[in-house]
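S.K.: This is the structure I want to talk about, given as structure tokens.
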Amino acid sequence: MKPWELARTKEPLAGEAGLDALAREQSACGDWVRVMCANPKLIERPVVISSDGRARLGRPPESVGALLD
Numbered sequence: 002m003k004p005w006e007l008a009r010t011k012e013p014l015a016g017e018a019g020l021d022a023l024a025r026e027q028s029a030c031g032d033w034v035r036v037m038c039a040n041p042k043l044i045e046r047p048v049v050i051s052s053d054g055r056a057r058l059g060r061p062p063e064s065v066g067a068l069l070d
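What follows is the structure, given as structure tokens:
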């Protein structure tokens with residue numbers, strides 16, 4: 002998953018923290034992670050990780066089923 006797929010970009014804090022100014026491209030992944038680590042409220046939860054390392058956002062709950070296949 003890309004960091005922006007886990008970000009709560011509609012939160013007012015997202016704009017204040019500068020997420021709206023970050024590019025959604027591989028070269029900006031580190032910047033996304035730094036902002037989200039400094040502002041954990043911007044991270045969507047829950048994140049479910051399967052035993053083989055695949056990850057999915059746990060909302061809606063049906064999305065987790067893809068990890069069990």
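In terms of this note's numbering, the sequence shown is residues 2 to 70.
Ideal placement from N, C-alpha and C gives every residue a C-beta, glycine not left out.
A quick note: this is a predicted structure, and the numbers were derived from the prediction, not measured.
(1) Using a threshold of 8 Å, state whether the C-beta atoms of L7 and E45 are closer than that.
(2) Using the Cα positions of P4 and W33, report the straight-line distance between them to the nearest angstrom.
(3) Inspect the CB distances between the segment 23-30 and the segment 42-60 and report whether three or more fall short of 8 Å.
(4) Give me the Cα-Cα distance between S52 and P13, rounded to the nearest whole angstrom.
(5) Compare the beta carbon distance of L68 and V48 with 8 Å and say whether it is the shorter of the two.
(6) Give the secondary structure of R60 by DSSP, where H, G and I count as helix, E and B as strand, and everything else as coil.
M.R.: Taking the structure as given:
(1) yes
(2) 6 Å
(3) no
(4) 35 Å
(5) no
(6) coil
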